[in-house]
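Mapped onto this note's numbering, the consecutive letters of the sequence shown carry residue numbers 399 to 802.
From the three backbone atoms N, C-alpha and C, an ideal C-beta is built for every residue, glycine too.
Note that the coordinates shown come from a computational prediction; the quantities given were computed from them, not determined experimentally.
Everything below concerns the one structure shown next.
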Amino acid sequence: MKIAIISAHSCPVGDLGTRDTGGMSVYIRELARELGKKGHAIDIFTRIHDPADPRMENLSQNVRLIHLKAGREAKIQKMDVYFSLPEFTFNLENFWKENNLKYDIVFSHYWMSALVGKYLWETHRIPYITMFHTLGAVKNAIGIGEGEPELRLASERETIQDCRRIIVATEQEKEDLVRYYDASAGKIGVVPCGVNMELFKPVDKAEARQKLGLTDEKILLFVGRIDPLKGIDNLIKTLPLLKNEGKFKLVVVGGDENSREELEGLKKLAADVDVMNSVDFRGLVKQEQLPYFYSAADVCVVPSYYESFGLVPLESLACGTPVVATDVGDLKHIIKSGETGCIVSDNSPEKLAEAVTSVMQFSPDIESRLAIRSSVSRWAWSNIAKQVAAEMQTALEQQLAAVA
Ligand code: UDP
């Protein structure tokens with residue numbers, strides 16, 4: 399298949415862990431790589447967010463990344479990306495024409511790019527499938543962080559009805575689509591997200607700690623964007639409840655200049671609950687370095703209020719490190735409570751402390767770490783890409799049936 403992936407607001411090679419760049423960028427990059435390996439031709443379209451962005455680059459076998467001008471050539475606020483969508487679409491059209499490009503299918507990511515997919519369907523009759531990654535109505539129902547505007551909800555409603563097929567990562571998201579948006583269940587395919595098993599591998603714990611300048615404390619690890627929905631405040635409030643557990647440290651990975659306000663708030667909270675010396679904010683870390691962090695940790699904690707899927711827990715488990723997480727995304731199917739970590743019913747500091755204490759009592763040897771790792775091998779991206787390709791085929795068959 400010739401596949402156009404549209405990700406207007408988030409670049410697949412952008413800095414992971416910044417405010418608006420995380421799991422979705424990883425998803426697009428990894429999925430495209432696997433689809434490319436399988437012989438499909440993939441062009442990924444995103445906006446220029448830095449004047450140094452090359453107009454076109456080869457990312458991997460059969461995968462090209464194309465940057466299009468849309469608004470200022472800088473990182474801009476998400477809603478400003480929305481207002482630059484007409485320019486993005488205009489430049490996309492021109493690029494297709496200039497290069498005589500034709501595609502079998504469009505795969506749009508996030509609500510804004512779904513609107514581009516809708517336009518391409520209306521003008522070129524190329525069927526589009528969509529992955530929303532997060533849903534405005536669900537975020538609003540949770541009520542943590544900034545509310546999502548009606549504009550987003552209306553766009554989601556429109557494209558959910560209009561697109562050929564929707565891919566979601568969990569059964570929960572499928573239910574949410576039906577419940578909040580009246581989506582037809584028959585057009586929704588559930589395909590989980592994946593993990594790069596070649597990158598995320600266990601590293602010797604002592605070596606990893608030495609590399610990161612960490613000593614022999616018990617280490618709790620958080621990895622992710624610094625976003626109120628991630629519940630990092632509750633994780634910090636968990637620390638005083640662990641006081642009897644000996645020396646410990648919470649390492650927080652993620653966040654840059656644009657998350658400064660949130661990071662300052664978390665630092666203040668750590669000072670208020672008297673654990674400032676036990677929290678180590680590391681800022682952004684390149685994904686290639688993350689196996690050291692996961693391997694150095696005794697437990698990775700995911701205290702989120704909401705995850706559409708949650709890649710971080712998969713990455714930690716692939717490195718052989720247990721995970722304590724709230725019951726969000728697909729985590730109850732990924733983490734085997736009592737074996738590879740623990741699922742907590744909510745992210746209250748008390749529940750998190752209890753779970754972290756119990757998981758930290760068990761210090762896995764290399765054999766147990768390899769067993770933790772193999773518990774997630776079926777989420778390898780090559781398996782996931784096969785399922786996504788099958789969803790695309792279904793969409794194309796449905797399209798043929800619709801015009802017949
Ligand atoms: N990540 C990273 N460096 C950081 C912080 C995060 O590489 O400093 C990556 C992490 O490895 C994961 C992704 O960002 O692949 C976050 O994905 P997740 O699904 O956990 O969260 P989301 O960003 O989708 O909310």
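Between the segment 750-769 and the segment 703-711, do three or more beta carbon pairs fall short of 8 Å?
no
I'd like to check one pair, Leu551 with Ile358: are the Cβ atoms closer than 8 Å?
It is not possible to answer for residue 358, since the shown part of the chain is limited to 399 through 802.
Range of the contiguous alpha helix (DSSP H) that encloses Gly515:
Tyr508 to His522
Give a single yes or no on whether Gln685 has its beta carbon closer than 7 Å to a heavy atom of ligand 1.
yes
Near Leu612, which residues of its chain fall below 6 Å by C-beta distance, leaving aside the five closest residues on each side in sequence?
Ala694
Nearest to Val700 (by Cα), restricted to the options Asp725, Gly718 and His438
Asp725
C-alpha gap between Ser775 and Ser458, whole angstroms
23 Å
Using CA atoms only, rank isn't needed, just tell me which of Glu655, Val514, Thr755 and Ser772 is closest to Ile404.
Val514
DSSP bridge partner residues for Arg445 (one or two, in chain order):
Leu466
Can you grab the Cα-Cα spacing for the pair Thr568 / Asp448, in whole Å?
34 Å
Mind checking which residues open and close the alpha helix (DSSP H) that includes Phe493?
Leu483 to Glu496
Buried or exposed (CB count within 10 angstroms, at least 16 for buried), Gly584:
exposed
Can Lys635 and Val671 be called in contact, C-beta distance under 8 Å?
yes
Identify whether Val461 lies in helix, strand or coil by the three-state DSSP scheme.
strand
Between which two residues does the beta strand (DSSP E) carrying Asp678 extend?
Val677 to Gly681
If the criterion is Cβ atoms closer than 8 Å, does the pair Met674 and Ile503 meet it?
no
Could you check whether the Cβ of Val621 sits closer than 7 Å to any heavy atom belonging to ligand 1?
yes
With contact counted as at least three CB pairs below 8 Å, one residue from each stretch, are the segment 736-744 and the segment 590-602 in contact?
no
If distances are taken between C-alpha atoms only, which option among Phe620, His407 and Trp519 comes closest to Leu750?
Phe620
Measure from the alpha carbon of Ala581 to the alpha carbon of each residue in Phe530, Ile617, Pro547 and Asp614, then state which is nearest.
Phe530
Taking the CB atoms as reference points, tell me whether Ala778 and Val566 lie closer together than 8 Å.
no
Could you tell me the alpha carbon to alpha carbon distance between Trp519 and Leu490, rounded to whole angstroms?
14 Å
Rounded separation between Val697 and Glu615 - CA only:
12 Å
By the DSSP assignment, the beta strand (DSSP E) with Val721 in it spans what residues?
Val721 to Thr724
Does the beta-carbon of Val710, which I'm using as the reference point, lie nearer than 7 Å to any heavy atom of ligand 1?
yes
Taking the alpha carbon of Glu546 as the point to measure from, which residue in Phe488, Met790 and Thr532 has its own alpha carbon closest?
Thr532
Environment of Thr521 [buried if 16+ CB atoms lie within 10 Å]:
exposed
By the three-class DSSP mapping on this structure, what secondary structure does Ala539 have?
helix
Mapping DSSP to helix, strand and coil, what is Asn735?
The question names Asn, yet the displayed sequence has Ser at residue 735. Three-state DSSP puts Ser735 in a strand.
Count the other C-beta atoms from every protein chain shown that fall within 10 angstroms of the C-beta of Pro562, then say buried if there are 16 or more, exposed otherwise.
It is Arg, not Pro, that sits at residue 562 in the sequence shown. It is buried - the Cβ of Arg562 has at least 16 other Cβ atoms within 10 Å.
Return the bridge partner residues of Glu455 from the DSSP annotation.
Leu463
How big is the Cα-Cα spacing for Phe691 and Ala606?
7 Å
Own chain residues within Cβ distance below 7 Å of Ser506, not counting five before or after:
Ile404, Ala512, Val514, Gly515, Tyr526 and Thr528
Taking 7 Å as the limit between beta carbons, can you name the residues of its chain near Glu485, skipping five residues before and five after?
Lys467, Ala468 and Gly469
Residues near Asp478 by beta carbon distance below 7 Å, same chain, minus five either side:
Gly469
CA nearest to the CA of Ser780, picked from Thr557, Ile446 and Cys591
Cys591
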